[in-house]
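For the sequence shown, this note's numbering assigns the number 423 to the last residue and increments by one with no breaks. This report concerns only the one structure given below.
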Amino acid sequence: MTLLDRARQLEDQDPVKTRRDQFHIPQRKDGGDMVYFCGNSLGLMPKAVFGDVQAELEDWRDLAVDGHHHARRPWYPYHESFRESGARLVGARPGEVVFMNTLTANLHFLMASFYRPEGRKTRILSDAPTFPSDIYALQAQIRWHDGDVNRDMLVLEPKEGRHCLETQDIVASIEEHHSELAMVMLAGVNFFTGQAYDLAAISAACAAHDVPFGVDLAHAAGNIDLNLHDDGVDFAAWCSYKYINCGPGAVGGAFVHERHATNEDLVRLAGWWGNDPSTRFQMDEMTDFVPHPGAEGWQVSNPPILSMAPLHASLAIFDEVGISSLRERSKRMTGFLEECISAIGEDHYSIITPADENSRGAQISIKVHGSAQELRESLQATGIVTDFRPPDVIRIAPTPLYNTYEEIARFSQVLGEQVGATN
1 MTLLDRARQL
11 EDQDPVKTRR
21 DQFHIPQRKD
31 GGDMVYFCGN
41 SLGLMPKAVF
51 GDVQAELEDW
61 RDLAVDGHHH
71 ARRPWYPYHE
81 SFRESGARLV
91 GARPGEVVFM
101 NTLTANLHFL
111 MASFYRPEGR
121 KTRILSDAPT
131 FPSDIYALQA
141 QIRWHDGDVN
151 RDMLVLEPKE
161 GRHCLETQDI
171 VASIEEHHSE
181 LAMVMLAGVN
191 FFTGQAYDLA
201 AISAACAAHD
211 VPFGVDLAHA
221 AGNIDLNLHD
231 DGVDFAAWCS
241 YKYINCGPGA
251 VGGAFVHERH
261 ATNEDLVRLA
271 GWWGNDPSTR
281 FQMDEMTDFV
291 PHPGAEGWQV
301 SNPPILSMAP
311 LHASLAIFDE
321 VGISSLRERS
331 KRMTGFLEEC
341 ISAIGEDHYS
351 IITPADENSR
361 GAQISIKVHG
371 SAQELRESLQ
381 ATGIVTDFRP
391 PDVIRIAPTP
401 LYNTYEEIAR
411 FSQVLGEQVG
421 ATN
């Protein structure tokens, strides 16, 4: 049996079928489909998105201000329509989730509430490598509170000779430094290595010492099973343009655990859309801010309708498949990818993503012993889209909603040819 035959057999036998026909697939110059393994950077467009956005444009054109209450999907309560689906996606209760702003903005909004340095407890524990925007946000928060970045940033590095952190090392660091920690902020899935962290274990360690625990879910939401409520995570934020497939710069999401979300005394940045809706429009008198119960109380401005519209199509697909079923297909696909890459040999690269399927998402990262950028460009020339991260890593992310086993087989065949040609 050839590799392609085996790939087709795996596709036929997989109980979770691809939803490829619900997405627009980029085309090669010859008219064939690109092999798109870059959903960890920008997800593909669901076909239904065009109609959803067009409907909002038409309602704006035809109804103007009356669209707030009389559009096909009225704009005033627009964000509320994503509560249930958003909660299912991240393992939360509906009141704990809101779609608003974008990722780094949401991190700042949430850290305004949860990073409250006092006395000796001023430090933030984070993981490495950390996505630059997170670093900037953490440093900015420290400076905002008149802290010292060199003192108050505690970045946990993998042990020498390793690429990934061990859960026990993260927990041990929390145990060691808890008297100095004002917050722990980690990725759900590391953007560089593709490692998925054990959020439940880390959350328990934080809770034992009353240290707020926040998570950047940029590479986790829509990728892996999440149980934010049961795991006891304090807060989290994510973008919607990667695995959630809502387009470049799409509106982000935020989670606040219900033990905090109903605490009206929690300090926050405030604006009218986070206010209790019953008094939101009482503009004839000055009233105190009364936060909306739940995560929606962290909203500041009214929802950006045109940016939010793609969420309808995307979340409908996730509801149809179910994130748990999708995750099982993803594990099988990523396992096949790892098997195919490993069969080529490690003379020219090494896999830096954990081998344990429960400790990674859809992404496999390979460290190239040569020019990774040249390799990515060579793959691109054959119609295969991957992602280069300096200095020497290629990220490959078969997305279970629209990628196939046959594409993985084709990629591995081309990789075997290209690796030798670029070294």
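Think of the CB as a built atom: it goes at the ideal place given N, C-alpha and C, for glycine as much as any other residue.
Provide the residue span of the alpha helix (DSSP H) that contains residue i, from first to last.
| i | result |
| --- | --- |
| F82 | Premise fails: F82 is in no alpha helix (DSSP H) and is neither H nor E. |
| W144 | P132 to W144 |
| R93 | Counting along the chain, R93 falls outside any alpha helix (DSSP H), and DSSP gives it neither H nor E. |
| W60 | A48 to L63 |
| L181 | Element bounds for L181: not the alpha helix (DSSP H) but the beta strand (DSSP E), L181 to A187. |
| S240 | Counting along the chain, S240 falls outside any alpha helix (DSSP H), and DSSP gives it neither H nor E. |
Tell me, to the nearest whole angstrom, how far the beta carbon of residue i is from that of residue j; I am working on the premise that it is less than 8 Å.
| i | j | result |
| --- | --- | --- |
| I317 | T193 | With a Cβ gap of about 27 Å, I317 and T193 do not count as contacting. |
| D216 | L89 | With 8 Å as the limit, D216 and L89 do not qualify as a contact, their Cβ atoms being about 16 Å apart. |
| G297 | A261 | 7 Å |
| G43 | I244 | 7 Å |
| N40 | R332 | The Cβ separation is near 18 Å, so there is no contact. |
Which word fits residue i, buried or exposed, when buried means at least 16 other C-beta atoms lie within 10 angstroms of its C-beta?
| i | result |
| --- | --- |
| T287 | exposed |
| L57 | exposed |
| W144 | exposed |
| P77 | exposed |
| V189 | buried |
Skipping 5 residues on each side, what residues in its chain have a beta carbon closer than 8 Å to that of residue i?
| i | result |
| --- | --- |
| V16 | V321, S325, L326, E328, R329 and P400 |
| R120 | S179 and E180 |
| A421 | At A421, the pLDDT of 47 sits below 50, so the modelled position is not reliable; the number obtained from the coordinates is stated separately. The answer, listed in chain order, is S378. |
For residue i and residue j, what's the separation of their Cα atoms in angstroms?
| i | j | result |
| --- | --- | --- |
| E160 | T167 | 16 Å |
| L110 | P158 | 27 Å |
| V300 | P248 | 22 Å |
| L375 | P132 | 24 Å |
| I174 | R151 | 16 Å |
| R410 | Y241 | 26 Å |
| M308 | R19 | 22 Å |
| M45 | P117 | 42 Å |
| R8 | Y405 | 7 Å |
| F114 | L156 | 20 Å |
| L266 | Y402 | 42 Å |
| D146 | T122 | 10 Å |
Note the first and the last residue of the continuous beta strand (DSSP E) segment covering residue i.
| i | result |
| --- | --- |
| L125 | R123 to D127 |
| G253 | G253 to V256 |
| W75 | Where W75 is concerned, there is no enclosing beta strand (DSSP E), given that its DSSP letter is neither H nor E. |
| A362 | That residue, A362, is in no beta strand (DSSP E); it is neither H nor E in DSSP. |
| V155 | M153 to L156 |
Note down, in chain order, each residue of its chain lying with its Cβ closer than 7 Å to the Cβ of residue i, except the 5 sequence neighbours on either side.
| i | result |
| --- | --- |
| G335 | E357 |
| Q139 | V149 and M153 |
| Q27 | D33 and M34 |
| T382 | V414 |
| H69 | Y76 |
For residue i, collect the residues of the same chain with a Cβ closer than 6 Å to its Cβ; drop the 5 residues on either side in sequence, then sort them by chain order.
| i | result |
| --- | --- |
| A48 | A313 |
| S203 | F213, D231, G232 and V233 |
| N302 | W273 |
| D319 | S85 |
Examine the ligand SAM and report whether any of its heavy atoms sits within less than 8 Å of the Cβ of residue i.
| i | result |
| --- | --- |
| F50 | You won't find the ligand SAM in this model; it holds no ligand whatsoever. |
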